[in-house]
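This report refers to the structure that appears directly beneath it.
Numbering (the numbering used here), first residue to last: 305 to 461.
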């Protein structure tokens, strides 16, 4: 962010010089509101966001996520090449049912500033989970793990 002044001039042999004073200002981009993410409890859902680098320098961006319990960002930190676009994944893992959960994700560079994204997600009741098949020969023992993550913030009794 900041303000600068500059001058541009044009010359024509018949009419002479034309000088223009430029008053330039740069400001941070307005925050971007992403569409709400809806996901079953116990599962996760990802969306992609895009950041564009308008300058000729490579930018190493730090990433700040205000709700890292329910949202994650990849890559973190993020490398943004000159004049390129970066595709970042935001993954939502709900911990409540039928309540909106929010985060503010900021990609920041000390010299360029930041890009801010507001993201909301809502968890829904789980449906049928994927089947786990365990096969064992007759009269033999087989061990298999069934992975489960407690999505709630407190242990269940």
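Built from N, CA and C at the ideal position, the CB exists for glycine as well.
Requested in this report: Specify the secondary structure class of residue 362 as computed by DSSP and reduced to three states.
Outcome: coil
Give, in chain order, every unbroken run of the alpha helix (DSSP H) that is at least 4 residues long and sits entirely within the stretch 391-459.
none
Exercise for review: Classify residue 369 as helix, strand or coil using the three-state DSSP reduction.
Suggested key: strand
Rounded to the nearest angstrom, what separates residue 414 and residue 363 at their Cα positions? 10 Å
Query raised in the report: Roughly how many whole angstroms lie between the Cα atoms of residue 320 and residue 312?
Result: 14 Å
Open item on the list: Tell me the rounded alpha-carbon separation between residue 427 and residue 342.
Closed with: 6 Å
Taking only the alpha-carbon atoms, compute the straight-line gap between residue 366 and residue 449 and give it to the nearest angstrom. 37 Å
Backbone CA spacing between residue 339 and residue 307 [nearest angstrom]: One C-alpha to the other measures close to 33 Å.
Discussion item. Given the structure, does residue 315 come close to the ligand GDP, in the sense that its CB is under 8 Å from one of the ligand's heavy atoms?
Written reply: Ligands in the displayed structure: none, and consequently the ligand GDP is not present.
Requested in this report: Please look up how many angstroms separate the CB atoms of residue 391 and residue 336, rounded, as I've assumed it's under 8 Å.
Outcome: Between residue 336 and residue 391 the Cβ distance is about 14 Å, and since that is not below 8 Å, they are no contact.
| query | According to DSSP, is residue 334 helix, strand or coil? | reply | Residue 334 falls in the coil class under three-state DSSP.
(message) Using 8 Å as the cut-off, can you tell me whether the stretch 397-407 makes contact with the stretch 416-427, which would need three or more C-beta pairs spanning the two stretches below that distance?
(response) yes
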